[in-house]
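Peer 1:
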Amino acid sequence: MSAPKKLYIKTYGCQMNVYDSERMAETLGGKGYEEVKSPDEADMILLNTCHIREKAAEKIYSELGRYKGLKAANPDLKIGVAGCVAQAEGEEIMKRQPMVDLVVGPQSYHRLPAMEEAVSKGQKALDTDFPEEDKFEAMKSRPKAKRGPTAFLTVQEGCDKFCAFCVVPYTRGAEVSRPADRIMTEARNLVEVGVAEITLLGQNVNAYNGHENGLAGMIRDLAKIDGLERIRFTTSHPNDMDDALIAAHGDCEKLMPYLHLPVQSGSDRILKAMNRKHTAEEYLRLIERIRAVRPDLHLSGDFIVGFPGETDQDFEDTLAITREAAYGTAFSFKYSPRPGTPAAEKTALMVDPDVASERLARLQQQIVQQQRDLQDAMVGRDVHVLFEKEGRLPGQMVGKSEYLHAVHVDGPLELRGKIAKVRIVSSSSNSLAGQLIAT
Ligand code: 5AD
Ligand code: SF4
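Numbered by the working numbering, the letters in the sequence shown go through residues 1423 to 1861 in order.
(1) Would you check whether the ligand 5AD has a heavy atom nearer than 7 Å to the C-beta of F1587?
(2) My guess is that A1504 and L1469 are in contact by the Cβ rule of under 8 Å, so how many angstroms apart are they, rounded?
(3) Which word fits E1511, buried or exposed, when buried means at least 16 other C-beta atoms lie within 10 angstroms of its C-beta?
(4) Find the nearest neighbour of Q1792 within the set E1476, R1803, F1753, judged by alpha-carbon distance.
(5) Quick check for students: name the residue ranges of the alpha helix (DSSP H) that lie wholly in the segment 1774-1835, counting only runs of 4 or more.
(6) Is any heavy atom in the ligand 5AD found nearer than 7 Å to the beta carbon of F1737?
(7) Here's a check: name, in chain order, each residue in its chain whose Cβ is nearer than 6 Å to the Cβ of L1429, leaving out the five neighbours to either side.
(8) Tell me which residue opens and which closes the beta strand (DSSP E) that K1843 is part of.
(9) Taking one C-beta from the segment 1680-1695 and one from the segment 1644-1652 each time, how about it: are there three or more such pairs within less than 8 Å?
(10) For a test of your reading of the model: does the CB of P1761 fall under 7 Å from any non-hydrogen atom of the ligand 5AD? Yes or no.
(11) Kindly provide the ranges of any beta strand (DSSP E) runs that are 3 or more residues long and lie completely inside the segment 1684-1762, ordered along the chain.
(12) Taking the alpha carbon of N1631 as the point to measure from, which residue in Q1529, L1548, M1640 has its own alpha carbon closest?
(13) On the DSSP bridge list, what partners appear for S1574?
(14) Note down, in chain order, each residue of its chain lying with its Cβ closer than 6 Å to the Cβ of R1380, except the 5 sequence neighbours on either side.
(15) For the ligand 5AD, I want to know if F1809 counts as a neighbour, meaning its beta carbon is within less than 7 Å of at least one of the ligand's heavy atoms.
(16) Can you tell me where the alpha helix (DSSP H) holding H1633 begins and where it ends?
(17) By alpha-carbon positions, which one of V1831, V1807, G1813 ends up nearest to E1865?
(18) Specify the secondary structure class of I1653 as computed by DSSP and reduced to three states.
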């Protein structure tokens, strides 16, 4: 057998890209590649890219620039660009960076082995189609090697919502759900190799319709798998939070009390301009209904500041909704015009970049304070921690609570992959410390 070829994958952006990168590595494993941790030793470099904001896309070109020396030293080195920048820019990437050999959009990953063959013969390979077949089904099945206690599993891709700022409907295409039986099989296989927690992924995961009872039905079926202890899902749209899914938060024990439900803005005027199709009040009432069945729910969200036309008052409304919804975690971004999206055409309404930066800083300051207060309030409480790895200090183990807080305790390595009850004793900037009570 010839020596394995070396593959270096660098992943940008969301969790769906993390999952896709794993699957691409597995698929290229069938072509004799094994993963390495540094581009210096690679025979193939694959950048799995994100196009959500301008900065994310520009990063790719500067990263590619860094590989020039490697390519000069090793002309056999193959360089590929995957992900949403590949989808959005296609051939442009090869024009701007001729050393790129391969460009593959997110819906064509199952065609990677054939593309790899072409590039290894010195040809260029480009595929940004939206083929009909289920790419994950067509990709090599997942290997049986033992793996860590948590895993991602993509159940749905694409988005039909067309928020005015967002490139996702263009780069990932229309909403497509994977059939429930394939998800069950993949989940069982993950549990067999040591996974105890699965996060179901989708750009609009709660619009999942591959199960006759939607995402709630899928979650309830997955909850029947012995050994699968925890289920999470992300990212959701408020308008797809149906009664069945709300009910599941109340009575499905394996569904964790954490929900990422972005609202983007607290101003009805801006929500309308964003094409979100709900008001701030409707969002808050929805949160109330979910908290009625799951009072300890840890809510997480995303915000965009400086959307075209945003006034000081609109921004104050955003500050207000972050307080009212009591987010445990929130991510906030400065609006970035994306080519081809309706909001990018509103050039006359663009917010002054300095004003937007100042708003972003104010929002982030408030969010950090809120996060910290909620985290500090965990001290003295008991949580259940799924331990993932050793901590930084000797004899320490780290894992996640049901609320996704990082928690560390003094405990043995055998805790890895197990869930234990922990009493929280202190809170620091981004983690909690606790004592084991019971395993
Ligand atoms: N500019 C800034 N932030 C954006 N997001 C999506 N598109 C843009 C954009 N054009 C944010 C949204 C989304 C998160 C993943 O990224 O808040 O929920
Ligand atoms: Fe983008 Fe809106 Fe779809 Fe989320 S729901 S992926 S923000 S278009």
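Cβ coordinates follow ideal geometry from the N, Cα and C atoms, glycine included. Keep in mind the model is a prediction, meaning the values are calculated, not measured.
Peer 2: By the coordinates alone:
(1) Here the distance from the Cβ of F1587 to the nearest heavy atom of the ligand 5AD is below 7 Å.
(2) Contact between A1504 and L1469 holds: CB atoms are separated by about 7 Å, below the 8 Å threshold.
(3) Label assigned to E1511: buried.
(4) Of E1476, R1803, F1753, the residue nearest in Cα terms is F1753.
(5) Counting whole runs of 4 or more residues, the segment 1774-1835 contains the alpha helix (DSSP H) stretches 1775-1798.
(6) Not one heavy atom of the ligand 5AD falls within 7 Å of the beta-carbon of F1737.
(7) Taken in chain order, the residues that qualify are L1450, Y1455, E1457, M1466.
(8) Where K1843 is concerned, the enclosing beta strand (DSSP E) stretches over 1841-1849.
(9) Because the criterion of three Cβ pairs below 8 Å is not met, the segment 1680-1695 and the segment 1644-1652 do not touch.
(10) Result no, Cβ not under 7 Å from the ligand 5AD.
(11) Qualifying beta strand (DSSP E) stretches, in chain order: 1720-1727, 1751-1756.
(12) Closest option to N1631, Cα to Cα, is M1640.
(13) The sequence shown places Phe at residue 1574, rather than the Ser named in the question. In the DSSP output, where bridge partners are listed per residue, F1574 has T1621.
(14) Here the chain has residues from 1423 to 1861 only, and residue 1380 is not among them.
(15) Answer for F1809: no, Cβ out of range of the ligand 5AD.
(16) That residue, H1633, is in no alpha helix (DSSP H); it is neither H nor E in DSSP.
(17) Beyond the ends of the chain as shown, which are 1423 and 1861, falls residue 1865; an answer cannot be given.
(18) DSSP places I1653 within a strand segment (E or B) once states are collapsed to three.
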